[in-house]
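Protein chains: 2
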Amino acid sequence: MDTLFFCGNEVIRMLLLITYDVNTETSAGKNRLRKVAKQCENYGRRVQNSVFECIVDQAQSVKLKALLSEIIDDTVDSLRFYYLGSKYQTKVDHIGCDKGIDVDQPLIF
Amino acid sequence: MDTLFFCGNEVIRMLLLITYDVNTETSAGKNRLRKVAKQCENYGRRVQNSVFECIVDQAQSVKLKALLSEIIDDTVDSLRFYYLGSKYQTKVDHIGCDKGIDVDQPLIF
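Spelled out as structure tokens, the structure:
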């Protein structure tokens with residue numbers, strides 16, 4: 000991992016990209032989908048239907064991953080995590096509607 | 000960008016993640032969706048419904064982005080590109096079904 004999360008006492012935030020496919024053939028599946036989206040909304044911004052960009056520190060990253068893994072049914076659902084580091088501004092590009100996080104500006108929570 | 004694409008005469012490949020939302024309310028939209036997926040399949044592997052992981056060099060990355068931008072309707076569709084560099088093996092994590100690209104092994108085309 001090329002990201003340093005801590006520098007002295009400073010907590011370093013990174014871009015964690017979360018993508019998911021949740022099987023919604025059943026009502027239980029639809030419920031899981033809602034729960035996954037709700038948890039992701041607590042930590043980041045939805046940029047596409049099943050894609051969230053989250054600016055998190057290491058502790059938040061670990062916590063969010065644990066929360067999501069408890070929600071999904073790992074026999075039919077899929078969760079992917081992409082760690083884009085703290086210098087993510089030049090690592091994201093967009094074409095089309097809704098730009099999501101402005102990659103030219105640091106995100107301030 | 001922290002990725003060096005060329006080192007001497009060696010072409011460096013990187014992981015380019017492509018996510019998309021294509022508005023399929025019309026038959027033209029469904030057609031665009033098929034075309035986007037088909038182009039992505041030429042360069043990488045579908046790991047979720049609207050998520051492709053592509054191992055490409057700089058020239059391929061530029062070409063693919065240009066091809067996709069010609070297909071979509073940028074007033075209603077969304078394409079996002081995430082550049083995860085050449086050392087992507089530790090930057091991808093997965094929970095659930097279908098692991099996609101094996102992130103522990105270099106991808107050989």
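Chains as they are written, first to last, in numbering that gives the first Met the number 0: chain A, 0 to 108; chain B, 0 to 108.
Just so you know, even glycine gets a beta-carbon here, dropped at the ideal spot from N, CA and C.
In this text, all values refer to a predicted model and were calculated from it rather than measured experimentally.
Cβ neighbour criterion (16 or more within 10 Å) applied to residue i
i	result
I71(A)	buried
S49(A)	buried
I54(B)	buried
Per-residue DSSP class, three states only, for residue i
i	result
E69(A)	helix
G95(A)	strand
Q88(A)	coil
V50(B)	strand
Y42(B)	coil
V10(A)	strand
G78(A)	Looking at the sequence provided, one finds Leu at residue 78(A) rather than Gly. Note: L78(A) maps to strand in three-state DSSP.
V21(A)	coil
L15(B)	strand
Q104(A)	Confidence is the limiting factor: at Q104(A) the pLDDT is only 43, short of 50, which leaves the residue's position unreliable, though a coordinate-based value still follows. Correct three-state label for Q104(A): coil.
L83(B)	coil
Option in the options with minimal Cα separation from residue i
i	options	result
D92(B)	V75(A), C96(A), G95(A), L83(A)	L83(A)
Y42(A)	R31(A), N22(A), Q57(A), N30(A)	Q57(A)
D20(B)	L14(B), D73(B), Y81(B)	D73(B)
T18(A)	E9(A), R44(A), F80(A), S60(A)	F80(A)
L32(B)	E69(B), K62(B), E9(B)	E69(B)
8 Å Cβ cutoff met for residue i and residue j
i	j	result
L111(B)	G95(A)	Past the edges of chain B, shown from 0 to 108, lies residue 111(B), and the structure says nothing about it.
L16(A)	E52(A)	yes
Q38(B)	L14(B)	no
V75(B)	N30(B)	no
I11(B)	S85(B)	yes
V35(B)	D97(B)	no
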